[in-house]
Amino acid sequence: MSITAPFIINDEALNVLFRDAHTTSAFEDTSIDPEVIKSVRDLVKWGPTSMNGQPLRIIEVPKDKRSRLVPHMMGNNQAKTEKAPLAFVLAADTNFHNHLPQQFPAGGDGPRDMFEGNEEVRTAVALQSANLQAAYFILGLRAVGLGVGPMGGFDADAVTKEFLRDGEQAIMVIIAGVPADTDAHHPRGPRMDDADVFRIAD
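If you're matching positions, the sequence shown starts at 1 in UniProt numbering and goes up one per residue.
Set out below in structure tokens:
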């Protein structure tokens with residue numbers, strides 16, 4: 001079998017997910033139905049990860065709890081986080097391996113036992129898969145028409161202490177909502193050429 005058609009979803013969907021999407025910094029004062037976000041979570045959980053591990057933890061920080069998050073954001077991220085309709089702390093659960101016998105039954109107890117004895121490798125895998133899942137979450141939010149602002153400019157240790165449970169590490173803060181009519185994002189930045197980022201092994 002040979003695949004020649006480049007995409008199986010239409011240009012409108014590709015534009016929403018990639019070409020026309022921007023990191024959003026300003027939003028309309030519009031509430032988002034919690035069921036919309038639940039539908040996103042129910043969709044993006046199917047994205048692939050290492051051994052089907054699911055270390056991503058998503059903690060929504062509502063407006064009445066936002067004062068606990070904002071001081072830990074850096075610079076302009078404070079105002080954006082305070083005003084956004086939605087704010088999420090994304091974390092990697094380094095104890096994800098305890099669920100592997102259920103999530104990866106083909107491996108039996110072996111993967112769980114392997115990770116149990118190697119915290120360094122377990123943490124690395126948790127961070128890798130959680131960041132993959134975070135990317136799926138961003139695309140899922142875009143797919144329901146929301147603008148998304150992922151941010152790494154925050155005090156991760158402080159956010160971890162404030163919001164997370166034992167074994168969880170903050171990896172990202174995401175704000176989301178309906179993009180503002182004006183000044184929602186910066187102009188499109190350039191991307192590297194394909195020749196600079198892709199090569200076939202020698």
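Each residue gets a CB set at the ideal place from its N, CA and C atoms; glycine is no exception.
Which of helix, strand or coil DSSP assigns to threonine 4
coil
Rounded to whole angstroms, how far is the Cβ of glycine 107 from the Cβ of methionine 51, which I believe are closer than 8 Å?
Between methionine 51 and glycine 107 the Cβ distance is about 7 Å, and since that is below 8 Å, they are a contact.
Starting from proline 150 and walking both ways along the beta strand (DSSP E), at which residues does that stretch end?
147-151
Taking only three categories from DSSP, how would you classify glutamate 168?
strand
Using the Cβ count rule (16 or more neighbours within 10 Å means buried), how would you classify valine 125?
Buried, since its Cβ has 16 or more Cβ neighbours within 10 Å.
Is it buried or exposed for glycine 147, if we count other Cβ within 10 angstroms and need 16 for buried?
buried
According to DSSP, is proline 105 part of a helix, a strand, or is it coil?
helix
At the level of alpha carbons, what is the spacing between methionine 114 and threonine 123?
Answer to the nearest angstrom: the Cα atoms are 12 Å apart.
Specify whether the region 183-199 and the region 74-83 touch according to this definition: at least 3 beta carbon pairs, one from each stretch, less than 8 Å apart.
Judged by Cβ distances under 8 Å, the region 183-199 makes no contact with the region 74-83, as fewer than three pairs qualify.
My output table needs one value for leucine 100: the three-state DSSP class, helix, strand or coil.
helix
With a CB to CB cut of under 8 Å and the five nearest residues on each side skipped, what residues in its chain are close to arginine 153?
The question names arginine, yet the displayed sequence has glycine at residue 153. Counting only Cβ-Cβ distances below 8 Å, and skipping sequence neighbours, we find Met73, Met74, Gly75 and Asn77.
Whole-angstrom distance between valine 89 and glutamate 116, CA atom to CA atom:
26 Å
DSSP state of threonine 182, grouped into three classes?
Threonine 182 falls in the coil class under three-state DSSP.
For valine 173, which option in Ser25, Pro101, Asp202 and Pro34 has the closest C-alpha, if you only look at C-alpha atoms?
Ser25
Grouping DSSP H, G and I as helix and E and B as strand, with all else coil, what is glycine 140?
helix
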